[in-house]
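Working notes for the structure below.
In my numbering, the protein residues as written are 336 to 1030.
In structure tokens form, the structure reads like this:
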């Protein structure tokens, strides 16, 4: 049956002959997904046409439309609001009229949109017609962007997905030592939800103009991906780095990148990536923060993986597209992995990995080196049988036997094929002890409700005899080819101190201390202890975390490495991070590094943050400031203005020190940037995060 229109108000009158309902004062009508409120309304119960007057409010899908008069048809769900205002996070808008033209679709004529809620907004997007698709996107035609009273941009068409947190236009200006003054701009275009991207137009004083395009697509079942192109005709001067690398870059510099991801079904995933650059240094020179710090050598590959409960089947291709990189090509690699499974109703388990790969290692070609490629075909099959049981009701015992056969089409001298046999024998022991202490205390605000001490010791012994084919007889492509004698026992003890916190008594870790080492067994009477690893983690409060790791070398009776991290944070108020790292190389000497990372909310409108990295080498008497970053941010109601300064030592490449200054203006509603500007080599842990790799 058809849903009736129910009119609620201070006074409601039904005119029987005219088939109309009149509501006066605090009128509210809720019909399907729409709520209409006003001071007075007249509803024709036959046509379901309504005329609302006085403080009209129309609500749908999180959007609010306001006006003094409205015509609305509850049957067609279409209507018009005169002198309308529109509100819907994060948008505010005004127009001569606002109309509901389709289900979940509104239009505003001769109006504007903004994310600034002031009567006279700091900026606005003014257009002849604006279309709002509820919970989807906003479209505008013949758009003029105003900054205050001044027009600054014109767009024939503008669209913004409501779930997108990036602005349509991003401009960052600044100066650094390698580029000089620079202006980076990203202009976001939107053809459809599955077809959008950026157009880049950049200027760098020392390098010239650069431009490019990013295209992000989604083909539904056939997958989604990203393609990028960037080109610059550089004002090029040969640098010290080019001479060191033996690579000349020239004036025409460019990059092409295509990435694609295709989920063929719920169990099969295909991923591919293609990269081609004009020279070895291009990504480092132009996209250092965005890409180079994450991956200095980009790959070209295709991977197809089928993952089922009992097995994994994969096909992997990797080729070299740049002759200035050393790449191990796989043309292709086919691998089948049978996951560990129980053999019938016994306590025996079996797993295996079998692969065939056509290998071809191509070496980087420079002005100083022309090394020929190395190739061979390899078939490898690895099987493991294990037994799992408990001894004395508390000790987990897991012995295993591994059999590995590897065939090579060519040996190191390229004279004959080789079949290598590698067997492995081992056993694992582990157990767990704990004791509960009835301790309750809120001393120092620790909030302790009982203590639980858990001790987890484990031993893993593994023996691999010398293979029948020596390493020197085989071409060395990767770690699989370097298999040799292995006879060692791994020991570890994990201590954890737990308590329960909060009203729900959720278990929390107060402290965790891990000790681990390996005993290298050369003969029955010749044993040696390898480095001893220590890891102490303390989380006395939700806002404080401390992690200290160090490595002790028993042969040299010295500490080889120390890494200390302390982080404290009160959300949206302040954050302090400290890191100290020490490394002792017995051949090259020792080095120290200190990193600090701070953030502070000065008040409701100001934020500051800083980052410092100090380093001391073996030949230095004191710490040297290697890098420093400063940022100050001002809340401008609907904007964030952020001023940044960065100094980083580059150790004699183009310049000894790189200085960078830049200013960023970000809308609060769309705070994300399409490129990374604030680079750091250390990421401070956040208080409350779990540093534990395993329980």
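No residue lacks a Cβ here, since even glycine has one placed at the ideal position from N, Cα and C. The structure presented is a predicted model; accordingly, all values stated were derived computationally and were not measured.
Straight-line gap, residue i to residue j (C-alpha atoms, nearest Å)
| i | j | result |
| --- | --- | --- |
| residue 687 | residue 720 | 9 Å |
| residue 977 | residue 903 | 24 Å |
| residue 385 | residue 427 | 26 Å |
| residue 992 | residue 984 | 4 Å |
| residue 698 | residue 614 | 16 Å |
| residue 948 | residue 927 | 11 Å |
| residue 706 | residue 560 | 36 Å |
| residue 516 | residue 620 | 15 Å |
| residue 443 | residue 555 | 32 Å |
| residue 375 | residue 441 | 23 Å |
| residue 738 | residue 500 | 53 Å |
| residue 396 | residue 433 | 16 Å |
| residue 508 | residue 951 | 33 Å |
| residue 406 | residue 356 | 15 Å |
| residue 787 | residue 769 | 7 Å |
| residue 634 | residue 399 | 49 Å |
| residue 491 | residue 549 | 21 Å |
| residue 586 | residue 520 | 22 Å |
| residue 567 | residue 609 | 20 Å |
| residue 347 | residue 488 | 51 Å |
| residue 404 | residue 391 | 6 Å |
| residue 637 | residue 666 | 10 Å |
| residue 445 | residue 654 | 56 Å |
| residue 459 | residue 484 | 9 Å |
| residue 1030 | residue 361 | Reliability fails at residue 1030, whose pLDDT of 36 lies under 50, so the model's placement of it is uncertain and no value is given. |
| residue 831 | residue 792 | 12 Å |
| residue 627 | residue 1008 | 18 Å |
| residue 730 | residue 766 | 5 Å |
Nearest neighbour of residue i, chosen from the options [CA to CA]
| i | options | result |
| --- | --- | --- |
| residue 473 | 518, 455, 764, 425 | 425 |
| residue 967 | 828, 997, 984 | 997 |
| residue 783 | 844, 806, 654 | 844 |
| residue 409 | 366, 491, 792 | 366 |
| residue 717 | 759, 723, 747, 935 | 759 |
| residue 940 | 632, 740, 972 | 972 |
| residue 877 | 841, 710, 1004, 570 | 841 |
| residue 809 | 713, 436, 1006 | 713 |
| residue 524 | 702, 537, 503, 543 | 503 |
| residue 596 | 585, 626, 646, 558 | 558 |
| residue 389 | 541, 643, 377 | 377 |
| residue 899 | 680, 914, 796 | 914 |
| residue 727 | 965, 750, 764 | 764 |
| residue 890 | 908, 866, 873 | 866 |
| residue 350 | 379, 344, 411 | 379 |
Beta strand (DSSP E) segment containing residue i, residue limits
| i | result |
| --- | --- |
| residue 619 | No beta strand (DSSP E) contains residue 619, which is instead part of the alpha helix (DSSP H) from 617 to 621. |
| residue 339 | Counting along the chain, residue 339 falls outside any beta strand (DSSP E), and DSSP gives it neither H nor E. |
| residue 533 | 530 to 539 |
| residue 671 | 662 to 677 |
| residue 373 | 369 to 379 |
| residue 498 | Neither: residue 498 is in no beta strand (DSSP E) and is coded neither H nor E. |
| residue 389 | 384 to 395 |
| residue 1042 | In the structure as shown, the chain starts at 336 and stops at 1030, and residue 1042 therefore has no counterpart that could be examined. |
| residue 733 | 730 to 743 |
| residue 721 | 709 to 722 |
| residue 313 | This structure does not reach residue 313, given that the chain is present from 336 up to 1030, and the question cannot be answered. |
| residue 842 | 841 to 856 |
| residue 792 | 783 to 799 |
| residue 968 | 959 to 970 |
| residue 704 | Residue 704 -> no beta strand (DSSP E), and no H or E assigned at all. |
| residue 461 | 458 to 468 |
| residue 455 | Neither: residue 455 is in no beta strand (DSSP E) and is coded neither H nor E. |
| residue 1061 | Look at the range of the chain in this structure, 336 to 1030, and you will see that residue 1061 is not part of it. |
| residue 806 | Unbroken run through residue 806: none, as it is neither H nor E. |
| residue 597 | 587 to 600 |
| residue 522 | 515 to 527 |
CB-CB length for residue i against residue j, believed under 8 Å
| i | j | result |
| --- | --- | --- |
| residue 855 | residue 823 | 5 Å |
| residue 518 | residue 534 | Incorrect: roughly 14 Å between the Cβ atoms, too far for contact. |
| residue 495 | residue 974 | Actually they are not in contact, since the Cβ atoms of residue 495 and residue 974 sit about 17 Å apart, beyond 8 Å. |
| residue 279 | residue 639 | Since the displayed the chain opens at 336 and closes at 1030, residue 279 lies outside it and no answer follows. |
| residue 756 | residue 740 | 6 Å |
heavy atom of the ligand FAD below 6 Å from residue i C-beta
| i | result |
| --- | --- |
| residue 568 | The ligand content of the structure shown is nil, which means the ligand FAD is not present either. |
Checklist entry - Given 8 Å as the limit, is there contact between the region 798 to 807 and the region 833 to 850, that is, 3 or more CB pairs closer than that? => result no
Checklist entry - Is there contact here, the region 477 to 485 with the region 458 to 467, by at least three beta-carbon pairs under 8 Å? => result yes
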